[in-house]
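A.B. asks: Residue numbers for the sequence shown follow numbering that gives the first Met the number 0, so the first one is 0 and each next one is one higher.
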Amino acid sequence: MLTTSEKGRLQEALNSYKSCKSYSRTFRNKLRHTGLFVGRDFKELIQVLPGIMSKLFSDKPSASLFIKALHALGRLSSLVYMRGVDRCFDYYIAQIKHAVTDVTDLLFQLDVQILQKGFSKQNFTFKPKVHLLYHITDDIVCFGSVLQYETENGEQFNKFIREHLFKTNRHSTSRDVATRFGKQFICRHLCNGGSYVVEKPAGNGTRSVRSSIGDFVKLAPVNFPGFNLHFFGSRVNSDNSGLSTPTLCDTLAGVFQSNGQLFLGQVKIVQARDSADRMRKAFFMQKYQIVPNSNVNCIYTPAVVMDNYNNIVVLPLGGLVEVNKDDINIVQAVDIHLSVGSSNNQKFLNVAKFGMFWWMLMNIAKIY
């Protein structure tokens, strides 16, 4: 679908995202290594690739359907990869169902187009994982956010299995590993305040009594300074979904809060000299405004100017203003890396960033 030069432009656009501070991890591989991509690579791509493709190749008819499918998948991913929903849960489920329908419909159209163009058959529509998308809302209702049970997060546990396998005698590996994990789970249960049953003398017999070592564990770091060195020192699973809130840094774009007010802006940090001729970091903020619109079909309330894929158009509001970093709180990191057309003033707020589409649906009126 893309020529060699077009693939080069796409790689350059992806490379430009390396400096985007709105993501905890950015895509740093080469597109020619697609066969070696792992889950985190696809997570990074699905957040930025839809916007890049529509900016670079919107005038390429053969890519239009593929771009639409990417945007639909980006919106679905943005809705799914969230820590939780604290309000309007029924509306959230309805949005996911609508997004799933959009994705599967566009994948079917893409299958048809691929056959008509004479390319090798793909059958995106008939893949089992596409069918499972129709059950995702039932899973969310039953089990909560998919971040709690996504496969990739669970696979991080494999490193502990591998470590235990190294310590076995290679004869009964499954039993030995299960025994070690069983002991660890028992320790975790007890250290978290869980109880256990012991038999204590009572008259001529015994009676069952529940006991706990939770209080001892709480005091152990005080009474035994080396306790934390030997217990609870393992590394937790990493956040490979990019949902952690970043710290205030140069070029970070986001929704910030100051004096109880929410605003959209981008940070700029410069080195300056104070009155004592000492170097210091000066924090400046470039604020942005969301452009109002009268379109009754806009998905956001109140209506705003957006593109065909629900990305929101934002404009600079005034110039750089120096701010006190202690007065600024980061509410939500946003992606305004891409500009609208050739204009550097108008920018797209990318709603394919994980969690951003739902966040804007719920909170856009607060920063309007």
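For each residue, glycine too, the CB sits at the ideal point set by N, CA and C.
Might you give, ordered along the chain, the residues of its own chain that have their beta carbon closer than 6 Å to the beta carbon of PHE56, omitting 5 neighbours on each side?
C.D. replies: ALA62
A.B. asks: Please look up how many angstroms separate the CB atoms of TYR148 and PHE142, rounded, as I've assumed it's under 8 Å.
C.D. replies: 6 Å
A.B. asks: Measure from the alpha carbon of MET305 to the alpha carbon of each residue in ASP273, LEU316 and VAL350, then state which is nearest.
C.D. replies: Closest in alpha carbon position to MET305, among ASP273, LEU316 and VAL350, is VAL350.
A.B. asks: Inspect the beta-carbon positions of ASN227 and GLY50 and report whether they are closer than 8 Å.
C.D. replies: Against a cut-off of 8 Å, the Cβ pair of GLY50 and ASN227 comes out as no contact.
A.B. asks: Quick one: which unbroken beta strand (DSSP E) runs of 3-plus residues sit fully inside the stretch 279 to 327? Chain order, please.
C.D. replies: 311 to 322
A.B. asks: Please give me, in chain order, every unbroken run of the alpha helix (DSSP H) with length at least 4 that falls completely inside the stretch 139 to 212.
C.D. replies: 150 to 154, 157 to 165 and 172 to 190
A.B. asks: With a threshold of 8 Å on Cβ separation, who are the neighbours of LEU247 within its own chain once the five nearest residues in sequence on each side are excluded?
C.D. replies: VAL266, PHE282, LYS324, ILE327 and ILE329
A.B. asks: Would you list the residues sitting across from GLY264 in a DSSP beta bridge?
C.D. replies: DSSP, once it has assigned bridges, lists GLY253 and LYS286 as partnering GLY264.
A.B. asks: Rounded to whole angstroms, what's the CA-CA distance from LEU164 to LYS182? Just pull it up for me.
C.D. replies: 15 Å
A.B. asks: Let me know the secondary structure DSSP gives ILE366 once reduced to three states.
C.D. replies: Three-state result, ILE366: helix.
A.B. asks: So what does VAL269 bridge to, in DSSP terms?
C.D. replies: Residue pairing from DSSP places VAL269 in a beta bridge opposite ALA281.
A.B. asks: Throw me the rounded Cβ distance for the VAL303 and ASN292 pair, which I believe falls under 8 Å.
C.D. replies: 5 Å
A.B. asks: Drop a sphere of 10 angstroms on the beta-carbon of ILE363, count the other beta-carbons inside from all chains shown, and report buried for 16 or more, exposed for fewer.
C.D. replies: buried
A.B. asks: Please report the distance separating the alpha-carbon of ILE377 from that of VAL102.
C.D. replies: One cannot answer for residue 377 here, as it falls past the ends of the chain, which runs 0 to 367.
A.B. asks: Kindly indicate which residue of PRO127, ILE366 and CYS190 has the alpha-carbon position closest to the one of VAL313.
C.D. replies: Of the candidates PRO127, ILE366 and CYS190, the residue whose Cα lies closest to the Cα of VAL313 is ILE366.
A.B. asks: Quick one: what does DSSP say ALA351 is sitting in, helix, strand or coil?
C.D. replies: Coil.
A.B. asks: In three-state terms, what does DSSP make of GLN121?
C.D. replies: In the structure shown, GLN121 sits in coil (DSSP, three-state: anything other than H, G, I, E or B).
A.B. asks: Which class does VAL79 belong to by DSSP, given the choice of helix, strand or coil?
C.D. replies: The three-state reading of DSSP puts VAL79 in helix, counting H, G and I together.
A.B. asks: Please classify ILE329: does DSSP put it in a helix, a strand, or coil?
C.D. replies: It is a strand residue.
A.B. asks: Find the nearest neighbour of PHE159 within the set SER171, LEU9 and ALA177, judged by alpha-carbon distance.
C.D. replies: ALA177
A.B. asks: According to DSSP, which residues form a beta bridge with SER338?
C.D. replies: Looking at the DSSP assignment, SER338 forms a beta bridge with LYS346.
A.B. asks: Hey, would you say MET81 sits closer than 8 Å to SER144, going by beta carbons?
C.D. replies: yes
A.B. asks: What residue range is occupied by the uninterrupted alpha helix (DSSP H) comprising ALA89?
C.D. replies: Ala is not the amino acid found at residue 89; the sequence shown has Asp there. Residues 88 to 116.
A.B. asks: Below 8 Å, how does it come out for the stretch 16 to 27 and the stretch 81 to 100: are there three or more Cβ pairs, yes or no?
C.D. replies: The stretch 16 to 27, when compared against the stretch 81 to 100, does not touch it at the 8 Å Cβ threshold.
A.B. asks: Tell me the DSSP secondary structure of ALA275 in three-state form.
C.D. replies: Residue state, collapsed to three classes: coil.
A.B. asks: Looking at the structure shown, is ASN258 part of a helix, part of a strand, or coil, going by DSSP?
C.D. replies: coil
A.B. asks: Counting Cβ pairs closer than 8 Å, one from the stretch 59 to 77 and one from the stretch 94 to 110, do we hit at least three?
C.D. replies: yes
A.B. asks: Pull up the CB-CB distance for PHE26 and LEU44, whole angstroms please, since I reckon it's below 8 Å.
C.D. replies: Right, their Cβ atoms sit about 6 Å apart.
A.B. asks: If we call anything under 8 Å between Cβ atoms a contact, is GLN46 one with LYS352?
C.D. replies: yes
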